[in-house]
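Residue numbers (our numbering): 1 to 133. Just below is one structure, and these are the notes that go with it.
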């Protein structure tokens, strides 16, 4: 069990680093919309993977937030709002990483992405009960 707890905490820590990076970049390089959005997607991906480990659900290597939520929904109820929010961030994991993929984002989009990542963090740590703040 301690190995599982360690793995969960590692996922949460990496997710927190992505969310923290998104916030810091937003403050200091606010025009880096693509990078901020990417880190928000990555944070949510890792929070979901922490939950999957917590529930002992095996998952394929994937950046697809919908896939991860669907797996999680086998153990707990996931409302449609969470799926919609995951869908909002889903394209930021791969599409924004390459120069030939252009997605127009606004400051409001970035604020929403950060807010969604924060919500998934609260959701995850509340369930896991790590006591992180």
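Ideal Cβ placement from N, Cα and C applies to all residues, glycine included.
- Inter-segment contact for the region 7 to 24 and the region 62 to 69 is absent: fewer than three beta-carbon pairs are separated by less than 8 Å.
- Secondary structure note for residue 106: it is in no alpha helix (DSSP H), with a DSSP letter that is neither H nor E.
- Looking only at 79, 37, 58, the smallest Cα-Cα distance to residue 106 is reached by 37.
- Taking a C-beta distance under 7 Å as the contact criterion, residue 11 and residue 50 qualify as a contact pair.
- The Cβ atoms of residue 26 and residue 39 do not sit closer than 7 Å to each other.
- Linking residue 59 to residue 115 through their CA atoms gives a straight-line distance of about 26 Å.
- Within the region 27 to 75, the alpha helix (DSSP H) runs of at least 4 residues that lie entirely inside it are, in chain order, 33 to 54, 65 to 72.
- Looking from the CA of residue 93, the closest CA among 24, 41, 109, 35 belongs to 41.
- Within the same chain, no Cβ atom closer than 8 Å to the Cβ of residue 80 is found once the five residues on either side in sequence are excluded.
- For residue 92, there is no enclosing alpha helix (DSSP H), as DSSP marks it with neither H nor E.
- When DSSP states are grouped into helix, strand and coil, residue 129 belongs to the coil group.
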